[in-house]
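Enquirer: Numbering follows the numbering used here, with no gaps: position 120 of the sequence shown is 1089.
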Amino acid sequence: MNKFKLSGVMPAVTTPFTRDGNVDHALLIERCAWLLSNGCDGINLLGTTGEGTSLSVRQRLAVMQAISASGLPLSRLMISTGASALEDAQVLTAQGVELGFAGVLLLPPFYFKGISEDGIVSFIEAVLNKVDVDQCRLYLYHMPAYTGVPYTPTIALRLKEKYGDVIAGLKDSTGDLSVSSAFVAAVPDFDVFPSSESSLGLAKERGYAGCISATVNVTAPLAGKYWNSNNDAVAALEAAAEIRLALQSLPLLPAVKWAVARTTSQSSWLHALPPIGALSASEIALIAPVLEKHWESIKVV
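Have a look at this one:
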């Protein structure tokens, strides 16, 4: 069995692109290494913030292979493998497991709406049928605002009862901590990650495993400082939460891209795939002062 256990502060890392829309593997690897050395316990790749569903299967496999060959510690990396087409999800998940990623993060089948719980469970079962389950730790990706197809505590419990430790946990992107807590209460030995570092102050009390957050791309040093301080570095958490609040007040993905470009002084981070656009000058003016306020803590040197 894959014994890797992910926990703590994890960014849903943004993906760098060249001007012609190709993934910049070298820059992605460089960025992941920096994050792991500056507050992050692990990293989620090719999720929503990483524009994974905008990439082809070929592109996603190429990213996996580049990361696998990079020397980055796969024991600290989670790869998103969700796809609407069953075979695509099977291929991506099987490759993530075969390469040795610590976890795979799987969306529900998200094209058809009004799917029964039996239908969702059957999709996950069909994916796992093509995977070496002895080496798999699968995390459910609960993001109903985007997918329109929710995972439920009942679904998670059914899968956990059938597959045991293979069903490792869930990323809850609802932003509602009562939802996160419902999964914790319903499913034993199940690692739940809310989607904001602002939740870290409650994580140990409520049994969360940490967070997987888009804005940890920016707040990693602050969030990591708090998480590793036994809840003592309250000022660091407050600063991270202030940055989070500013960034999420705008379209989140381009806001994160802009903030990473700003803190790294690398404009190539601004490139995104259609349909994702860029921030306007007026939007940048809203968040730039917040980054400047905490500049010494978040700049990349």
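Beta carbons: idealized from backbone N, C-alpha and C, even for Gly.
Please report the distance separating the alpha-carbon of HIS994 from that of THR1184.
Expert: Rounded to the nearest angstrom, the two C-alpha atoms are 21 Å apart.
Enquirer: Tell me which residues share the same chain as LYS1268 and place their Cβ nearer than 8 Å to its Cβ, disregarding the 5 neighbours each side in the sequence.
Expert: Within the same chain, LYS1268 has close Cβ partners THR1232.
Enquirer: So, does the CB of PRO985 fall closer than 8 Å to a CB anywhere in chain D?
Expert: No chain D is part of this structure, which consists of one protein chain only.
Enquirer: In chain order, what residues of the same chain lie with their CB nearer than 8 Å to the CB of ARG1127, ignoring the 5 residues before and after it?
Expert: Excluding residues within five positions, the ones whose Cβ falls inside 8 Å are GLU1086, VAL1090.
Enquirer: Can you check whether the CB of ARG1106 is closer than 8 Å to the CB of PHE986?
Expert: In this structure, ARG1106 does not lie closer than 8 Å to PHE986 by Cβ.
Enquirer: Less than 8 Å separating the beta-carbons of ASP1057 and VAL1026?
Expert: Taking 8 Å as the Cβ cut-off, ASP1057 and VAL1026 qualify as a contacting pair.
Enquirer: For the region 1137 to 1146 against the region 1113 to 1129, do three or more pairs of beta-carbon atoms, one drawn from each stretch, fall closer than 8 Å, so that the two count as touching?
Expert: Judged by Cβ distances under 8 Å, the region 1137 to 1146 makes contact with the region 1113 to 1129, as three or more pairs qualify.
Enquirer: Quick check on ALA1224: does DSSP put it in helix, strand or coil?
Expert: Three-state DSSP puts ALA1224 in a helix.
Enquirer: Only counting the same chain, and skipping five residues up and downstream in sequence, which positions put a Cβ closer than 7 Å to that of LYS1082?
Expert: Same-chain partners within the cutoff: GLY1117, VAL1118.
Enquirer: Between ALA1063 and VAL1096, what straight-line distance do the alpha-carbon atoms span, to the nearest angstrom?
Expert: If I take the Cα positions, the gap works out to 8 Å.
Enquirer: Smallest Cα separation from ASP1010: which of LEU1219, VAL1161, ASN1197?
Expert: If we check each option's Cα against that of ASP1010, ASN1197 comes out closest.
Enquirer: May I have a chain-ordered list of the beta strand (DSSP E) segments no shorter than 3 residues that lie completely inside the region 1093 to 1147?
Expert: With a minimum length of 3 residues, the continuous beta strand (DSSP E) runs that stay inside the region 1093 to 1147 are 1107 to 1111, 1136 to 1141.
Enquirer: Work out the CA separation of ASN1098 and TRP1003 for me, nearest whole Å.
Expert: The straight-line gap from Cα to Cα measures roughly 36 Å.
Enquirer: Would you say LYS1194 and VAL1156 are within 8 Å of each other, going by their C-beta atoms?
Expert: No. Outside cutoff.
Enquirer: Please report the distance separating the alpha-carbon of ILE1084 from that of PHE1092.
Expert: The straight-line gap from Cα to Cα measures roughly 11 Å.
Enquirer: Buried or exposed: where does ALA1137 fall if 16 or more other Cβ atoms within 10 Å of its Cβ makes it buried?
Expert: Buried, since its Cβ has 16 or more Cβ neighbours within 10 Å.
Enquirer: Can you tell me the Cβ-Cβ gap for VAL1161 and THR1018, rounded? I've got them flagged as a contact below 8 Å.
Expert: 19 Å between Cβ atoms; not a contact.
Enquirer: Determine whether the beta carbon atoms of SER1049 and LEU1043 lie at a separation below 8 Å.
Expert: No. Outside cutoff.
Enquirer: Hey, how far is the Cα of ASN1007 from the Cα of MET979?
Expert: So the alpha carbons of these two residues sit roughly 11 Å apart.
Enquirer: Could you name each continuous alpha helix (DSSP H) segment of 4 residues or more that falls completely within the region 1049 to 1085, going from the start of the chain to the end?
Expert: 1055 to 1068, all fully within the region 1049 to 1085.
Enquirer: Nearest-angstrom Cα distance between SER1150 and PHE1070?
Expert: Cα to Cα, SER1150 sits roughly 26 Å from PHE1070.
Enquirer: Among TYR1177, ALA1172, VAL1270, ALA1215, which one has its Cα closest to the Cα of SER1234?
Expert: Closest by alpha carbon: VAL1270.
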